[in-house]
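To start, the structure itself, in structure tokens.
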């Protein structure tokens with residue numbers, strides 16, 4: 001894996017599946033982050049927004065002017081199922097509400113990239129692949145990608161991102177996913 005230097009990271013959905021996979025991979029890095037905030041959904045309300053001022057401060061305090069994940073980034077785990085151009089897996093599972101929520105997340109990513117660019121924050125959407133999680137297996141078929149392989153692939157992608165990648169939708173192998 002390329003060298004991904006992360007000082008602090010907030011992982012939402014860290015209680016299972018891909019989120020838990022990210023927490024484990026971050027903690028197993030040769031030089032792990034100083035802080036890993038592992039969070040899960042709170043039915044009482046959203047809390048991730050409280051981290052935005054800290055993210056802006058991290059971007060301002062990081063050396064260099066180049067956008068990167070080592071400086072400050074918002075990485076939204078999306079799905080190719082939310083692609084309007086090429087709706088991944090329609091033949092297996094339609095799940096319209098899930099697809100709509102991921103299409104909305106993709107728009108949020110685009111808006112975040114426009115709104116936070118001036119603060120030095122890189123924003124992207126990542127498709128983890130069809131992963132062997134509880135949700136990924138809900139169609140009755142076994143997905144081809146393990147959680148570890150997906151997360152390792154996404155970390156490799158994250159380590160190579162730069163300003164040109166902000167506002168993009170990539171998969172776990174680094175390929176562009178059409179919006």
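Numbering (full-length UniProt numbering), first residue to last: 1 to 179.
Even for Gly, the Cβ is constructed at its ideal location relative to N, Cα and C.
Keep in mind the model is a prediction, meaning the values are calculated, not measured.
Buried or exposed by the 16-neighbour rule on C-beta atoms within 10 Å, applied to residue i
i	result
residue 85	exposed
residue 142	exposed
residue 172	buried
residue 106	buried
residue 111	exposed
Helix, strand or coil at residue i according to DSSP, with G and I counted as helix
i	result
residue 124	strand
residue 24	helix
residue 51	helix
residue 163	helix
residue 1	With a pLDDT of only 47 at residue 1, under 50, the local geometry of the prediction cannot be trusted, and the value read off the model is given with reservation. Residue 1 falls in the coil class under three-state DSSP.
Which listed residue (the options) has its alpha carbon closest to that of residue i
i	options	result
residue 68	147, 139, 3 and 80	3
residue 33	90, 25 and 139	25
residue 185	59, 101 and 133	For residue 185 there is no data in the structure shown, the boundaries of the chain being 1 and 179.
Range covered by the beta strand (DSSP E) that runs through residue i
i	result
residue 11	8-11
residue 35	35-38
residue 170	169-171
Residue i: first and last residue of the uninterrupted alpha helix (DSSP H) it sits in
i	result
residue 147	147-159
residue 114	96-116
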